[in-house]
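First residue of the sequence shown? That's 14 in my numbering, and the numbers climb one at a time after it.
Idealized CB from N, CA, C, for every residue including glycine.
Predicted, not measured: the structure shown is a model, and the values here were computed from it.
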Amino acid sequence: FMILSSLGVTLNMMVLFSLVLALGMLVDNGIVIVENIYRLMDEGYSAKKAAIYGAGEVAWPIIASTATTLAAFIPLAIWPGLMGEFMKYLPITLIIVLGSSLFVALVINPVLTAAFMKLEEKPANKRKVLIISISLTVLGLLFSFSGSMGFGNLLIATALIIIVSTYFFTPATKKFQDGVLPKLERMYERFLSYALRGKNPRKFIFGTIGLLIFSFVLMGVATPKVEFFPVNMPNYLNIFVELPIGSDIEATNKVAIEIENRVMNYFDEEIEVRGEKMKRSFVIESIIGQVGQGTSDPNQGVSMGNTPQKARITVSFVPFKERKGVSTNQIMNEVRDLVKGIPGTQISVDKDPAGPPTGPPINIEISGEDYELLIDEAEKMKQFITKQNIPGVEKLKLDIQTGKPELVINIDRQKAKRFNLSTAQIGSAIRTALFGKEISTYKEGEDDYDIVLRMDDERRYNIDNLMNQRITFRDPTNGKINQVPISAVAKAEKSSTYSAINRKNLDRMITIQSNVLEGYNANEVVAAIKKSLENYQVEDNHKWKFTGQQEDQAKEMAFLSTALMIAVFLIFLIIVAQFNSVSAPVIIVTAVFFSLIGVLLGLVIFQMDFIIMMTMIGIISLAGIVVNNAIVLIDYTKLLIERRKEELGMEEDEKLSIEEITKTIIDGGKTRLRPVLLTAITTILGLLPMAVGMNIDFFTLFTELNPQIYFGGDNVVFWGPMSWTIIFGLTFATFLTLVIVPVMFLLIEKFKIRIRRKVKTA
Numbered sequence: 014f015m016i017l018s019s020l021g022v023t024l025n026m027m028v029l030f031s032l033v034l035a036l037g038m039l040v041d042n043g044i045v046i047v048e049n050i051y052r053l054m055d056e057g058y059s060a061k062k063a064a065i066y067g068a069g070e071v072a073w074p075i076i077a078s079t080a081t082t083l084a085a086f087i088p089l090a091i092w093p094g095l096m097g098e099f100m101k102y103l104p105i106t107l108i109i110v111l112g113s114s115l116f117v118a119l120v121i122n123p124v125l126t127a128a129f130m131k132l133e134e135k136p137a138n139k140r141k142v143l144i145i146s147i148s149l150t151v152l153g154l155l156f157s158f159s160g161s162m163g164f165g166n167l168l169i170a171t172a173l174i175i176i177v178s179t180y181f182f183t184p185a186t187k188k189f190q191d192g193v194l195p196k197l198e199r200m201y202e203r204f205l206s207y208a209l210r211g212k213n214p215r216k217f218i219f220g221t222i223g224l225l226i227f228s229f230v231l232m233g234v235a236t237p238k239v240e241f242f243p244v245n246m247p248n249y250l251n252i253f254v255e256l257p258i259g260s261d262i263e264a265t266n267k268v269a270i271e272i273e274n275r276v277m278n279y280f281d282e283e284i285e286v287r288g289e290k291m292k293r294s295f296v297i298e299s300i301i302g303q304v305g306q307g308t309s310d311p312n313q314g315v316s317m318g319n320t321p322q323k324a325r326i327t328v329s330f331v332p333f334k335e336r337k338g339v340s341t342n343q344i345m346n347e348v349r350d351l352v353k354g355i356p357g358t359q360i361s362v363d364k365d366p367a368g369p370p371t372g373p374p375i376n377i378e379i380s381g382e383d384y385e386l387l388i389d390e391a392e393k394m395k396q397f398i399t400k401q402n403i404p405g406v407e408k409l410k411l412d413i414q415t416g417k418p419e420l421v422i423n424i425d426r427q428k429a430k431r432f433n434l435s436t437a438q439i440g441s442a443i444r445t446a447l448f449g450k451e452i453s454t455y456k457e458g459e460d461d462y463d464i465v466l467r468m469d470d471e472r473r474y475n476i477d478n479l480m481n482q483r484i485t486f487r488d489p490t491n492g493k494i495n496q497v498p499i500s501a502v503a504k505a506e507k508s509s510t511y512s513a514i515n516r517k518n519l520d521r522m523i524t525i526q527s528n529v530l531e532g533y534n535a536n537e538v539v540a541a542i543k544k545s546l547e548n549y550q551v552e553d554n555h556k557w558k559f560t561g562q563q564e565d566q567a568k569e570m571a572f573l574s575t576a577l578m579i580a581v582f583l584i585f586l587i588i589v590a591q592f593n594s595v596s597a598p599v600i601i602v603t604a605v606f607f608s609l610i611g612v613l614l615g616l617v618i619f620q621m622d623f624i625i626m627m628t629m630i631g632i633i634s635l636a637g638i639v640v641n642n643a644i645v646l647i648d649y650t651k652l653l654i655e656r657r658k659e660e661l662g663m664e665e666d667e668k669l670s671i672e673e674i675t676k677t678i679i680d681g682g683k684t685r686l687r688p689v690l691l692t693a694i695t696t697i698l699g700l701l702p703m704a705v706g707m708n709i710d711f712f713t714l715f716t717e718l719n720p721q722i723y724f725g726g727d728n729v730v731f732w733g734p735m736s737w738t739i740i741f742g743l744t745f746a747t748f749l750t751l752v753i754v755p756v757m758f759l760l761i762e763k764f765k766i767r768i769r770r771k772v773k774t775a
């Protein structure tokens with residue numbers, strides 16, 4: 014936290030998730046160190062020597078494994094653009110946390126282990142445990158009755174944990190270590206012996222390759238929905254209302270009130286929720302209507318000036334845990350149907366976005382020179398797509414409006430010159446009449462009030478009155494005060510124009526855009542539109558392309574694919590440096606690609622969507638996590654091989670027999686079984702609450718004895734796909750580490766021996 018604070022990083026959502034993700038991984042190094050020290054103590058070493066030798070044996074492997082994990086996240090730290098600004102806290106936090114855990118594992122853990130760890134724990138004095146537990150309970154009750162409910166409940170919970178640990182967990186752990194774990198090791202030893210026997214290694218390798226191919230084929234046949242970002246449950250809805258340009262604000266307000274009444278009547282309806290009748294309004298927190306300035310749809314760009322023809326109605330929902338299972342996505346769809354059918358009005362319903370802002374799902378940019386022709390072209394394309402009746406399209410609209418009324422004041426400069434009037438004076442007079450001019454300030458107590466001079470409403474909105482007003486000024490030639498009506502030097506002419514002229518890279522541009530209805534996949538809808546436009550012809554000087562969310566999706570997918578390749582390359586370099594060979598890195602990197610089997614099969618079997626952002630980040634993270642146990646296993650197996658060669662008095666360049674290598678591989682796998690399983694289980698358990706969306710309030714748990722447990726919410730929508738990706742991949746990768754990695758190691762050793770024999774006989 015000190016390092017994060019020094020870097021100016023706040024405790025935001027990204028940092029919190031990174032800490033949760035790191036929670037399962039930061040104990041991995043400690044588990045490997047402590048387990049190795051425990052094994053050496055079990056073999057007869059003193060606590061001090063076991064700590065020194067145990068940490069030394071696995072120091073370089075865990076340094077390399079941590080470096081490979083960090084290498085997977087380093088490319089994410091250079092993520093460009095707005096998405097990079099949003100996601101950069103993930104790699105930064107993980108790099109700091111995992112780096113710190115490495116220091117603790119190598120320096121602090123051996124010291125503490127040597128000082129406190131015993132092979133045979135003394136049986137707990139149950140009488141003493143009961144006295145301590147009862148004392149803590151009594152103290153807790155006293156604090157609770159005195160008003161310190163939170164601290165009192167914490168003491169009672171501590172007493173309960175001590176009792177449960179003494180009478181349940183400690184005996185259960187002892188039983189697992191003495192009974193279950195040895196059986197598990199023997200079962201693993203038999204299975205690994207079978208996998209390494211005869212032609213079985215090749216069968217396992219080809220079977221795994223076949224499973225990888227099958228998983229890709231299955232993804233092609235039962236293709237999951239592909240989304241750019243997770244589809245979130247709305248926390249609020251925005252109903253954007255737009256009347257034709259030139260509409261009076263009163264007319265806009267009238268339409269807004271009608272929509273508000275429809276929405277209010279909808280929420281006043283009774284529905285059945287969990288067997289109970291209640292009004293739908295229990296899910297809303299507020300309904301706020303706004304007319305005029307500041308009500309534009311952000312997807313349409315920022316509106317300059319007043320917008321009396323626009324309105325916005327915002328419906329805010331209560332927090333997820335208070336909605337009693339009612340889907341706000343369903344409410345949004347029903348509200349969309351509810352507000353249809355108001356003549357001459359464009360209405361769109363949108364929700365709060367998940368993650369960084371992106372363009373609309375459907376966004377077609379048409380560029381050209383002549384704006385009039387460009388508008389016609391855009392209107393034609395819009396009508397063409399609308400006629401295709403493509404399911405899922407909410408409502409296509411242009412990002413500009415034509416027919417905006419305009420009053421053009423044409424000044425006769427010659428006449429103005431004869432009266433010694435400047436265009437600035439004429440413009441200032443008209444602006445003062447319409448918008449007013451501050452002439453003084455009125456003070457009452459501590460409050461100041463501006464005094465603004467302008468025409469009254471009746472005269473201000475009458476063109477004749479506006480043009481007949483007199484400009485009072487001092488003639489600079491003779492110093493006399495003159496009054497000249499504006500109509501004497503200028504004429505007013507009614508006209509119409511566009512709401513704006515949009516440009517991109519200096520090119521004039523009009524955008525056709527729309528949301529995608531809930532329940533439809535944006536990529537599938539856009540693909541259908543692209544197919545309908547395959548033979549669509551535009552003018553030679555006009556160009557069109559899909560942008561918005563589709564453009565962002567393509568950019569981010571390209572970056573993430575590149576980041577994955579960079580991560581794998583960095584991992585490969587680190588492993589080459591660690592083992593000073595190519596064979597071990599090939600085994601480990603192959604295991605990384607094989608771990609995709611778990612990801613792909615998990616997505617298909619559980620019918621989960623492929624979320625480009627979160628699933629790809631999960632795969633990149635998985636690449637760094639998977640290699641950890643494989644590095645430690647291979648390094649330890651190589652260490653056993655070197656020790657066996659020393660025992661047999663063999664030279665460094667000599668090779669053990671296949672039988673000896675097989676036995677050594679089995680011994681290495683059996684020894685590393687416990688840390689491999691522990692590290693995988695801790696990482697999976699650390700991610701599981703976030704994957705299933707489990708929420709618990711520890712503050713109210715102790716202060717009110719109400720944990721407020723519920724499942725779901727915004728976090729599971731956002732982080733669930735990434736968590737499940739890592740869980741699926743890591744679950745299968747554990748099998749890879751324990752079985753396929755030893756199999757590949759044996760096959761490569763056999764290949765080396767065969768090559769050596771051929772070289773000797775040549």
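Q) When DSSP builds the beta bridges, which residues end up paired with residue 251? A) 327, 363
Q) Should residue 419 and residue 508 be called a contact, given that it needs their Cβ atoms to be closer than 8 Å? A) yes
Q) Going by alpha carbons, who is nearest to residue 552 out of 661, 475, 643, 394? A) 394
Q) In angstroms, rounded to a whole number, what distance separates the CA positions of residue 607 and residue 216? A) 15 Å
Q. Taking the alpha helix (DSSP H) that residue 291 falls in, what are its first and last residues?
A. Run containing residue 291: none in the alpha helix (DSSP H); it sits in the beta strand (DSSP E), 289-292.
Q | Per DSSP, the bridge partner or partners of residue 465 | A | 451
Q: In the DSSP assignment, find the unbroken beta strand (DSSP E) run with residue 284 in it and report its ends.
A: 283-286
Q. Does the segment 22-32 come close enough to the segment 102-114 to have 3 or more Cβ pairs within less than 8 Å?
A. yes
Q: Provide the residue span of the alpha helix (DSSP H) that contains residue 524, from first to last.
A: First-last for residue 524: 520-527, but that is the beta strand (DSSP E), not the alpha helix (DSSP H).
Q | Rounded straight-line distance, which links the Cα of residue 563 to that of residue 522 | A | 18 Å
(Q) Between the segment 39-50 and the segment 71-79, can you find at least three pairs of beta-carbon atoms closer than 8 Å? (A) yes
Q) Per DSSP, residue 460 is paired with what? A) 457
Q: Can you tell me the Cβ-Cβ gap for residue 360 and residue 352, rounded? I've got them flagged as a contact below 8 Å.
A: 5 Å
**Q.** Among 187, 147, 183, nearest to residue 170 - alpha-carbon criterion
**A.** 147
Q: Run through the segment 538-608 for me and flag every whole alpha helix (DSSP H) of 4 or more residues, listed as ranges in chain order.
A: 562-592, 596-607
Q: Kindly indicate which three-state DSSP category residue 332 falls into: helix, strand or coil?
A: coil
Q.
Quick test of the definition: if touching needs 3 or more C-beta pairs under 8 Å, does the segment 725-735 touch the segment 583-594?
A. no
Q.
Could you check whether residue 202 and residue 683 sit closer than 8 Å to each other, using their CB atoms as the reference points?
A. yes
Q: Give the straight-line distance between the Cα atoms of residue 62 and residue 596, rounded to the nearest whole angstrom.
A: 33 Å
Q) Does the segment 220-236 come close enough to the segment 609-616 that 3 or more CB-CB pairs lie under 8 Å? A) yes
**Q.** 6 Å Cβ shell around residue 229 - same chain, five flanking residues per side excluded
**A.** none
Q. How is the alpha helix (DSSP H) around residue 712 delimited, first residue to last?
A. 711-716
Q | For residue 293 and residue 640, the rounded distance between their alpha carbons | A | 51 Å
(Q) I need the DSSP call for residue 209, collapsed to helix, strand or coil. (A) coil
Q. Ordered along the chain, which non-local residues of its own chain (more than five positions away) have a Cβ less than 7 Å from that of residue 422?
A. 443, 503, 505
Q) What residue from 303, 259, 291 has the CA that sits closest to residue 339's CA? A) 291
Q | Through-space distance from residue 620 to residue 670, alpha-carbon basis | A | 48 Å
Q. Taking the alpha-carbon positions, what's the residue 253 to residue 465 distance?
A. 32 Å
Q.
Tell me the DSSP secondary structure of residue 504 in three-state form.
A. strand
(Q) Can you tell me whether residue 94 is buried or exposed? The criterion is at least 16 other CB atoms within 10 Å of its CB, across all chains shown. (A) exposed
**Q.** Presumed contact (8 Å Cβ cut-off) between residue 433 and residue 325, rounded CB distance
**A.** That pair is no contact at about 48 Å.
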